[in-house]
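K.L.:
Counted from 1, the sequence shown has number 95 at position 95 by our numbering; the numbering is strictly sequential. Structure in structure tokens, see below.
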Amino acid sequence: MRHLIPVIGLLLAIPSMAQQHDPAMHQQHLAGQSQPGQKASDGRQLVKFPEQMREHTLASMRDHLLALQEIQAALATADFDRAADVAETRLGMTALQAHGAHESSKFMPKGMQDAGSAMHRSASRFSTIAKDAAVTGEIKPAIGALSEVMGACVACHAGYRLH
1 MRHLIPVIGL
11 LLAIPSMAQQ
21 HDPAMHQQHL
31 AGQSQPGQKA
41 SDGRQLVKFP
51 EQMREHTLAS
61 MRDHLLALQE
71 IQAALATADF
81 DRAADVAETR
91 LGMTALQAHG
101 AHESSKFMPK
111 GMQDAGSAMH
121 RSASRFSTIA
131 KDAAVTGEIK
141 PAIGALSEVM
151 GACVACHAGY
161 RLH
């Protein structure tokens, strides 16, 4: 129970921390906005996928976001085993085949492939660390490992965009 209170506090603080982002990032995002009929030029590398693969990849990324939300919800209730399971089956190395990563990687530049691999590896590491937290009750290592997963997502989305 004593570990649950800091976890709940951290999870409640996340939305306010998200609002305290660097204003320059917001300006950079706005600079990339385009008027109707114009192409956005936000500095990210455009990656062209066949339409069906693009839709599939975007759906996979939306599932990744949902998985991250489910992981945070599990951590908030100290259900570390659930967090570990979601991470491994939906984001980790085990999830690569389910998401068709081999097929979509054929259309990705090497840097994007590397970022995706880093995300999947870090999710598997998080899964292991979350399982440890189920035994020890220590949440901080799991939160740190989850941050690495999200960092890989942020790095990829900062560098690439699908078309």
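Even glycine gets a Cβ: it sits at the ideal position worked out from N, Cα and C.
Is it buried or exposed for His120, if we count other Cβ within 10 angstroms and need 16 for buried?
P.N.:
Mapped onto the sequence shown, residue 120 falls at position 120. Buried, by the Cβ-count rule.
K.L.:
Anyone know if the C-beta pair for Ser122 and Ala145 falls short of 9 Å?
P.N.:
By one-based count along the sequence shown, residue 122 stands at place 122. By one-based count along the sequence shown, residue 145 stands at place 145. Closer than 9 Å, so yes.
K.L.:
With distances taken Cα to Cα, identify the nearest neighbour of His157 among Asp81, Met108 and Ala78.
P.N.:
Locating residue 157 in the sequence shown gives position 157, where the first residue counts as 1. Cα-wise, what sits closest to His157 is Met108.
K.L.:
Quick one: give me the first and last residue of the beta strand (DSSP E) that Arg161 is part of.
P.N.:
The residue labelled residue 161 in the question sits at position 161 within the sequence shown. First-last of the beta strand (DSSP E) with Arg161: Tyr160 to Leu162.
K.L.:
Which residues in the same chain have their Cβ closer than 8 Å to the Cβ of Leu58, if we skip the five residues on either side of it in sequence?
P.N.:
For this step, residue 58 is matched to residue 58 along the sequence shown. Excluding sequence neighbours, Leu58 sits near Leu162.
K.L.:
Can you check whether the CB of Cys153 is closer than 9 Å to the CB of Leu46?
P.N.:
Indexing the sequence shown from 1 puts residue 46 at position 46. Indexing the sequence shown from 1 puts residue 153 at position 153. No; because the gap between Cβ atoms is not below 9 Å, this pair is not in contact.
K.L.:
I'd like to confirm the pairing. Which residues does DSSP put opposite Leu46 in its beta bridges?
P.N.:
Indexing the sequence shown from 1 puts residue 46 at position 46. Paired residue(s): Arg161.
K.L.:
Could you name each continuous alpha helix (DSSP H) segment of 4 residues or more that falls completely within the segment 54-103, going from the start of the chain to the end?
P.N.:
The qualifying runs are 80-86 and 95-98.
K.L.:
State the CB to CB distance for the pair Ala186 and Phe126, rounded to an integer number of angstroms; the pair is presumed to be in contact (CB under 8 Å).
P.N.:
Because the chain in this structure spans residues 1 to 163, residue 186 falls outside the shown range and cannot be described.
K.L.:
In whole angstroms, what separates the C-alpha of Leu65 from that of His56?
P.N.:
Your numbering for residue 65 matches position 65 in the sequence shown. Your numbering for residue 56 matches position 56 in the sequence shown. Looking at the two C-alpha atoms, the distance is approximately 14 Å.
K.L.:
Tell me, to the nearest whole angstrom, how far the beta carbon of Met53 is from that of Ser104; I am working on the premise that it is less than 8 Å.
P.N.:
What you label residue 53 is simply residue 53 of the sequence shown in a count that begins at 1. What you label residue 104 is simply residue 104 of the sequence shown in a count that begins at 1. Rounded, the Cβ-Cβ distance is 6 Å, consistent with contact.
K.L.:
Using a Cβ-Cβ cutoff of less than 7 Å, which residues in the same chain neighbour Ile71 once the five nearest sequence positions on both sides are dropped?
P.N.:
For the purposes of this step, residue 71 is taken as the residue at position 71 of the sequence shown. Result list for Ile71: Ala83, Val86, Ala87 and Leu146, in chain order.
K.L.:
For Phe126, which three-state DSSP category applies?
P.N.:
Along the sequence shown, one-based indexing puts residue 126 at 126. Helix at Phe126.
K.L.:
Which of the three DSSP states, helix, strand or coil, is assigned to Ser105?
P.N.:
Along the sequence shown, one-based indexing puts residue 105 at 105. DSSP places Ser105 in helix when its eight states are reduced to three.
K.L.:
If you measure between the beta carbons of Gly92 and Ser117, is that distance less than 9 Å?
P.N.:
In the sequence shown, residue 92 corresponds to position 92, counting from 1. In the sequence shown, residue 117 corresponds to position 117, counting from 1. No, they are not a contact pair.
K.L.:
Using the C-alpha atoms, what's the distance from Val149 back to Gly159?
P.N.:
Position 159 of the sequence shown, counting from 1, holds the residue named residue 159. Position 149 of the sequence shown, counting from 1, holds the residue named residue 149. Rounded to the nearest angstrom, the two C-alpha atoms are 16 Å apart.
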